[in-house]
Structure formats: structure tokens, C-alpha cells
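Trainee: For the sequence shown, the UniProt record's numbering assigns the number 1 to the initial residue and increments by one for each residue that follows. Glycine residues also receive a C-beta, built at the ideal position from the N, C-alpha and C atoms.
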Amino acid sequence: MENKILSSVQIKKILEKLSDQVIKEMGDNIVVIGIKRRGAILAKRIKAILDKKTSHSIDSGSLDITLYRDDFSAIGSHPVVSGSELMFDIDDRKILLVDDVLYTGRTVRAAIDQIIDYGRPRLIRLFVLVDRTNCRELPIQPDYTGIRTIVGKNQVVEVRLKEVDGTEDVVIKQKK
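#1: Return the CA-CA distance between G105 and T54, expressed in angstroms with no decimal places.
#2: Under the rule that 16 or more other beta-carbon atoms within 10 Å means buried, what is L97, buried or exposed?
#3: So does the region 151–160 actually touch the region 57–65, counting three or more Cβ pairs closer than 8 angstroms?
#4: With DSSP as the reference, please indicate the residues paired to N3 in a beta bridge.
#5: In whole angstroms, what separates the C-alpha of G146 from that of V130?
#6: Decide if Q21 is buried, meaning its Cβ has at least 16 other Cβ atoms within 10 Å, or exposed.
#7: Could you tell me the distance, in whole angstroms, from the CA atom of G119 to the CA atom of I112?
#8: Please determine if the region 157–169 and the region 15–30 are in contact, where contact requires at least 3 C-beta pairs separated by less than 8 angstroms.
#9: Looking only at its chain, what residues have a beta carbon closer than 7 angstroms to the beta carbon of E85, apart from the 5 residues adjacent to it on each side?
Here it is in C-alpha cells:
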């Protein structure tokens, strides 16, 4: 059984609204970086919205944080690494880091570690579609949030995006 918490229309509205907030608070000289897999897809969408609203092209890229995880032993001895794509200088840049779900904070910590290895940004702000507010293990909080929800330990938040899933929504499901 699953409980739908966001529809495709709601996802689109959230990205539009939060993009306006990003421009207002961060200006238009920013870099959008998504955490692979679904965070990178959301980052591409945000970039497209920002490009339209600012009438110039915003730099964007993606991170594969596989090798930066602190649970590396849990992902096996031969992890699949798809590579990061940051084809620009990040020194002294304002970075909007994008992910689909903020859970324990460990994925975001790994992404920040990787960004710091690439250079020294002026600032990093976090954009998440869904914040699982009651599960944090690290002191990491989003700056831009689509929806906050309390989800039980035996449940998962699944963000489904048309680019990879063929459908688009956000649901809460029981763990398998």
C-alpha cells in the first residue's frame, strides 16, 4: 500500500515557487548541482526554470557520491560509480545543492565533502523536494523545502520522476 503525498502537478508548482525564492535570496549568479540520481534530474529542471526567469544560462552539474559515503562497506566491494559532472570552477560561487529526499543527512554530508574537494564555494544552500523531518542523524537542515513530512522508520519516501520511472509523484510506502 502506498500513500501519495505529491502529484506531478504539485511537484512542478513546488519547483517553480522555490526557484523564485532561490533567485530572491541567492541572486542569479549561482550554480545548481544535483545529487545523482533523482536530485540530478530535479536540478536540471530547476536550472531550466532559473534560465527562463533570469534570461541567462545557469551553470549546473551533478554529483555521484558513491565513493564519499560513510557506509561504503554496505554498498559492496564493487560499487557502480557513474561519475560526477562539474565542468566549471566552483571557487567563490554560490551553490544550490539539490536532492529529492532529505533523510538522515548522510547523503548531503557526502555531497558537501565532494564539493569541497572540487574547490571552495562562497556558500552552499540545500534544496530538497521532501524533508523527512524526524530521521536526521546529522545537523543538516534544508534551506528550500517542497514538503516536510514525518515518516515512520518502517516506511520509505519514494520520489518517482518520469525521466527514470515513467511516472511522476511522491509516495510513502512500507519498507519491503
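Mentor: Looking at the coordinates:
#1: Within the sequence shown, the letter at position 105 stands for residue 105. Within the sequence shown, the letter at position 54 stands for residue 54. Across the structure, G105 and T54 are spaced so that their CA atoms are roughly 31 angstroms apart.
#2: Position 97 of the sequence shown holds residue 97. With 16 or more other Cβ atoms within 10 Å, it is buried.
#3: Too few Cβ pairs lie closer than 8 angstroms, so no.
#4: Counting from one through the sequence shown, the residue named residue 3 turns up at place 3. Answer by DSSP bridge pairing, in chain order: I172.
#5: On the sequence shown, residue 146 is found 146 positions in, with the first residue counted as 1. On the sequence shown, residue 130 is found 130 positions in, with the first residue counted as 1. G146 and V130: Cα-Cα distance of roughly 6 angstroms.
#6: Locating residue 21 in the sequence shown gives position 21, counting from the first residue. Per the 10 Å Cβ criterion, exposed.
#7: Numbered from its first residue, the sequence shown carries residue 119 at position 119. Numbered from its first residue, the sequence shown carries residue 112 at position 112. Taking the straight line joining both Cα atoms gives about 11 angstroms.
#8: Three or more beta-carbon pairs separated by less than 8 angstroms are not found between the region 157–169 and the region 15–30, which leaves the two stretches without contact.
#9: Here residue 85 refers to the residue found at position 85 of the sequence shown. In its chain, beyond the 5 residues on either side, G61, S62 have a beta carbon closer than 7 angstroms to the beta carbon of E85.
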